[in-house]
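My numbering puts the first residue of the sequence shown at 14, with every later residue one more than the last.
Glycine residues also receive a C-beta, built at the ideal position from the N, C-alpha and C atoms.
Keep in mind the model is a prediction, meaning the values are calculated, not measured.
These notes concern the structure reproduced below.
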Amino acid sequence: MHPAEISGISEFKDQEVLLKGWVYNIRSSGKIIFLQLRDGTGVIQCIIEKSTVGDELFEEAKTLTQESSLEIAGGVREDSRAPGGFELSVAALKIIQVADDYPITPKEHGSTFLMDNRHLWLRSSRQNAILRVRASLVRYIRDFFDNRGFILCDTPVFTPNACEGTTTLFETDYFGDKAYLTQSGQLYNEATAAAFRKVYCFGPTFRAEKSKTRRHLIEFWMVEPEVAFADLDDIMKLAEDFIVDIVGRTLEDHRDLLVDLLQRDIRPLENVQSPFPRVSYMEAAAILKKKGIDFQTGGDFGGNDETVLATDYDRPFFVHRFPSAIKAFYMQPDPEDASLSLSVDLLAPEGYGEIIGGGQRAHDLDLLKKRVGEHGLPEKAFDWYFDLRRYGTFPHSGFGLGVERALAWICGINHVRETIPFPRLINRLSP
Ligand code: 4AD
Ligand code: MG
Numbered sequence: 014m015h016p017a018e019i020s021g022i023s024e025f026k027d028q029e030v031l032l033k034g035w036v037y038n039i040r041s042s043g044k045i046i047f048l049q050l051r052d053g054t055g056v057i058q059c060i061i062e063k064s065t066v067g068d069e070l071f072e073e074a075k076t077l078t079q080e081s082s083l084e085i086a087g088g089v090r091e092d093s094r095a096p097g098g099f100e101l102s103v104a105a106l107k108i109i110q111v112a113d114d115y116p117i118t119p120k121e122h123g124s125t126f127l128m129d130n131r132h133l134w135l136r137s138s139r140q141n142a143i144l145r146v147r148a149s150l151v152r153y154i155r156d157f158f159d160n161r162g163f164i165l166c167d168t169p170v171f172t173p174n175a176c177e178g179t180t181t182l183f184e185t186d187y188f189g190d191k192a193y194l195t196q197s198g199q200l201y202n203e204a205t206a207a208a209f210r211k212v213y214c215f216g217p218t219f220r221a222e223k224s225k226t227r228r229h230l231i232e233f234w235m236v237e238p239e240v241a242f243a244d245l246d247d248i249m250k251l252a253e254d255f256i257v258d259i260v261g262r263t264l265e266d267h268r269d270l271l272v273d274l275l276q277r278d279i280r281p282l283e284n285v286q287s288p289f290p291r292v293s294y295m296e297a298a299a300i301l302k303k304k305g306i307d308f309q310t311g312g313d314f315g316g317n318d319e320t321v322l323a324t325d326y327d328r329p330f331f332v333h334r335f336p337s338a339i340k341a342f343y344m345q346p347d348p349e350d351a352s353l354s355l356s357v358d359l360l361a362p363e364g365y366g367e368i369i370g371g372g373q374r375a376h377d378l379d380l381l382k383k384r385v386g387e388h389g390l391p392e393k394a395f396d397w398y399f400d401l402r403r404y405g406t407f408p409h410s411g412f413g414l415g416v417e418r419a420l421a422w423i424c425g426i427n428h429v430r431e432t433i434p435f436p437r438l439i440n441r442l443s444p
C-alpha cells in the first residue's frame, strides 16, 4: 500500500494506494457510492461498491458529508472517461471526521457570502487553480530576475516617509513616533541599486485606497526591480522581456488549469510577444479624443480610458511620458518638455488596465529637494534619500508590477479579490 497524492496518481496504475483528503462530492445509487476525493493536489473519483467493502463499511460511507475528512485505500484504475483519467476502486476507508453541514455547496452563491467564507472557499477547484497559478507566477518572477543577475534586497514594511503620495498612507504608532506602512520599496531600492547595480524587492505593499474597484486592493504584492544607469527605454525593454517571459512560462505549465478550470481564452495570451507598442501620454490623449471620449489632457487615465485605449492593441502596451503634475515626486523630467516626466505605465489588454508603473528617477539633488517641497513632503524624512544624490548620484530607473493585477489578467478573473488568498479591501478585513 503506497501513500500517494492525487496529482501523482498515474505512477500507481494497477497498484494499491492510500489517499488522505476530503469529500468533494458524494452520491450513492443503490449498491455503489461515487465519492469525489480532494486531497489539495487534485480530485479523483472513488468507487465504493457494497459487494467489495461489505455492508458495515458501506453504511458508514453513506454517512459521509461534503468536506468530511478521511483516509481511503484502493486500487488505481485507468479509465479514460474519469476526470483526470484515473479512478480508485475502494478497498477500505477510515473516517477522520464527518463534517458539519458545509456552507459552500455546488449551487451558486453571491460574492459577499463567498468572501465571508474565504477560508473555506479556497478549497474549491476554481479558487485552487487561481492560487496555484499565483504560486507559479511568483516563482517565474523570481527566476526572471535571479537569472539576470539581480540581487534580491528586501525593503522595510515600516517606513518614516511616503513614496507614492500622502493620500493613501497607512499611519501607525511607532513607539511614540509616526510610521507608515510601505506603499512601495522603491526609495530603498534606489539605495540598494547603488550598492548592487541591479536589485529587486518583492513583498506586500499597502495603500489606504478609498477606491472600490475591481482593480484595487488595500494590501497587495509588488515586485520592483531597480537598475543603476538604466534610462526610460532600458526599463521599458526590461519590462517587456519580463512580461513575455512570465506569461510564456504560465502558458507552458498551466495551459490545462487556464483552459479547463478557468475557461480562459488563451489566444490573447499567446499574442504576448515582443515588441509591445509604445505610445506617449500625449498620443494616448489624442487617441481618446478621436474616439469621442471626454478626456481632459493633463489628467490621469480612468479605468474606462485605459479600456478604450487597449481596444487598439492585441497585446500589452506602454504609455510613457505622463505629465509630471500627476506623477510621484521622484520622476525625472523629460529633457524635451519639462512639464512631462520620464514615467511609464504598462497597460494589459482586454480591459485589465495598468499592471506596471515605473520610470526614470530624478538624480539631481536640487531638483529632488524642490519636488519634495512641492509635494508637501517633510524634507527631513528624506535626508537619507538625498544622500544617494550627494554621494555619486547616477541615472537609474525601475518599475513595479502588482502581482494580483497581473494574475487577474493572466487568469481572466474579473476582480482582484480572487487573486490573493485573503484579500484586504476597503470594506473587508475578515477572514
Ligand atoms: O504605479 P504604482 O503606484 O508605482 C509604484 O509604486 C512605483 N514606486 C513602483 C516602482 O517604480 N518601483 O504601483 C505599481 C503597480 C501598479 O501598476 C499596479 O499593478 C499595482 O502596483 N498596484 C495595485 N494593485 C492592487 N491594488 C492597488 N491598490 C494597487 N496600487 C498599485
Ligand atoms: Mg501607477
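query, result
"Anticipated Cβ contact below 8 Å, residue 402 with residue 381, distance rounded", "6 Å"
"Chain B within 9 Å of residue 199, Cβ atoms only", "Among the protein chains of the structure shown there is no chain B, as only one such chain exists."
"Contact belief for residue 201 with residue 169 at Cβ below 8 Å, rounded distance in angstroms", "7 Å"
"Check whether residue 83 and residue 134 have beta carbons under 9 Å apart", "no"
"Counted within 10 angstroms of its Cβ, other Cβ atoms place residue 434 as buried (16 or more) or exposed", "exposed"
"For residue 421, three-class secondary structure by DSSP", "helix"
"Buried or exposed by the 16-neighbour rule on C-beta atoms within 10 Å, applied to residue 366", "buried"
"Limits of the alpha helix (DSSP H) - the one that residue 74 falls within", "68-75"
"Residue 318 CB to nearest heavy atom of the ligand 4AD below 8 Å", "no"
"Closer than 7 Å: residues whose CB approaches a heavy atom of the ligand MG", "358, 367 and 370"
"Residue 38 Cβ short of 8 Å to the ligand 4AD heavy atom set", "no"
"Buried versus exposed call for residue 397 [16 or more other C-beta atoms within 10 Å across all chains shown]", "exposed"
"Residues near residue 164 in its chain [Cβ-Cβ closer than 6 Å; skip 5 each side]", "209 and 212"
"Residue 413 burial status per 10 Å Cβ neighbour count (16 or more: buried)", "buried"
"Start and end residues, beta strand (DSSP E) containing residue 90", "82-91"
"Beta-bridge pairing of residue 170 - partner residues as DSSP gives them", "DSSP output for residue 170 lists no bridge partner at all."
"First through last residue of the alpha helix (DSSP H) which encompasses residue 333", "It is not in any alpha helix (DSSP H) - residue 333 instead sits in the beta strand (DSSP E) that spans 330-333."
"Three or more C-beta pairs below 8 Å linking the segment 312-332 and the segment 356-371", "yes"
"Under 9 Å between C-beta atoms of residue 234 and residue 405", "no"
"Nearest-angstrom Cα separation, counted from residue 37 out to residue 51", "6 Å"
"Option nearest residue 333 by Cα separation, candidates 355, 223, 199 and 132", "355"
"Chain-order list of residues whose beta-carbon lies under 7 Å from that of residue 91 (same chain, five-residue window excluded)", "26, 98 and 99"
"CA nearest to the CA of residue 283, picked from 272, 260 and 290", "260"
"Bridge partner(s) assigned by DSSP for residue 239", "212 and 411"
"Which residues DSSP lists as bridging residue 25, in chain order", "None; residue 25 has no bridge partner."
"Proximity test, residue 87 beta-carbon vs the ligand 4AD heavy atom, cut-off 8 Å", "no"
"Sub-9 Å separation of residue 1 and residue 221 beta-carbons", "No answer is possible for residue 1: it lies beyond the span of the chain, which begins at 14 and ends at 444."
"Range of the contiguous alpha helix (DSSP H) that encloses residue 301", "294-303"
"Of the residues 72, 87, 295 and 75, the one placed nearest residue 19, counting alpha carbons only", "87"
"Collapsed DSSP secondary structure at residue 443 in the structure displayed", "coil"
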